[in-house]
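J.: In my numbering, the protein residues as written are 153 to 332. Yeah, the Cβ is synthetic: ideal placement off N, Cα and C, and Gly gets one too. If you scroll down you'll find the structure; I have some questions about it.
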Amino acid sequence: MTTSFRELCTRFNDENTAIRFLQAKGILHQHRLSTRGHAMKLTVEGNGKAPRWRRRKAQCRTEVSLRTGTWFEGQKLDFRTAILLIYSWSNDYCSTKVSSKELGLSADCSVSWKSLLREVATESLLSNPLVIGGPNRTVEVDETLYSKRKSHRGRLYPEQWAFGRMPRDRRIRPCARREP
């Protein structure tokens, strides 16, 4: 079942819901231990303070940010907006202008987060490589840039990249007519 952006905004109407979702997905810690090995409690205050893991007993008195030791460490964007941005980026309708207008982000913040998301996507693809072809089948992949400009002179035309793949055992035959 696909979710629309509107449904996502309704589902994550507050920060607590977003935090619980990210904890369920394993992105944020569900439990935390203090430096002395005691269980800490997550406190989310409604007065604008960041959520924190706390241990209030006299022998420990420890506080740790919810973001510490997670992918969100060093980031200031609230969790709800981060989820909406990730959804927008993954569905390929997240230009800097849209991020600024719909999510209230600055251009710098939007560019920074998209860079982080590209890094995550790259790491995911490198750790889980896709197999092209199949058993006992070698596939060659090539990329070509089509552009009409020659020797850096003349009018600048838009560039068009083309990616292609072809099994090595296939033969390419010349065509007599190239008409569509």
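Tell me, to the nearest whole angstrom, how far the beta carbon of L269 is from that of L255; I am working on the premise that it is less than 8 Å.
T.: Your pair L269 and L255 does not check out as a contact, with CB atoms roughly 14 Å apart and the cut at 8 Å.
J.: Whose C-alpha, out of Q182, K253, Q211 and G189, is nearest the C-alpha of P203?
T.: Q182
J.: Is there contact here, the segment 283–303 with the segment 314–325, by at least three beta-carbon pairs under 8 Å?
T.: Contact holds: three or more Cβ-Cβ distances are below 8 Å.
J.: Check whether the Cβ atoms of C246 and S240 sit closer than 7 Å, and answer yes or no.
T.: yes
J.: Pull up the distance between the alpha-carbon of W265 and that of R322, whole angstroms please.
T.: A direct Cα-to-Cα measurement between W265 and R322 gives close to 42 Å.
J.: Taking M192 and R213 to be in contact with their CB atoms under 8 Å, please state how far apart those CB atoms are, rounded to whole angstroms.
T.: Their Cβ separation, rounded to whole angstroms, is 11 Å, which puts M192 and R213 out of contact at 8 Å.
J.: Cutting at 6 Å between CB atoms, please list the residues of its own chain near G306, excluding the five before and the five after it.
T.: The beta carbon of G306 lies closer than 6 Å to none in the same chain, with the five residues before and after it left out.
J.: Can you tell me which of the three DSSP states L229 falls into?
T.: If DSSP states are grouped into helix, strand and coil, L229 belongs with coil.
J.: Per DSSP, what kind of secondary structure is F164 in: helix, strand or coil?
T.: Assignment of F164 by DSSP, reduced to helix, strand and coil, places it in the coil class.
J.: Just list the alpha helix (DSSP H) runs in the segment 165–206, keeping only unbroken ones of 4 residues or longer that don't cross its boundaries, in chain order.
T.: If you keep only unbroken alpha helix (DSSP H) runs of at least 4 residues inside the segment 165–206, you get 167–176.
J.: With the cut-off set at 7 Å, would you say A259 and T274 are in Cβ contact?
T.: no
J.: Just tell me which of P319, L308 and S279 has its CA closest to the CA of G286.
T.: P319
J.: Express the C-alpha separation of S242 and E215 in angstroms, rounding to a whole number.
T.: 34 Å
J.: Hey, how far is the Cα of R232 from the Cα of E167?
T.: The straight-line gap from Cα to Cα measures roughly 6 Å.
J.: Helix, strand or coil: how does DSSP classify A273 here?
T.: helix
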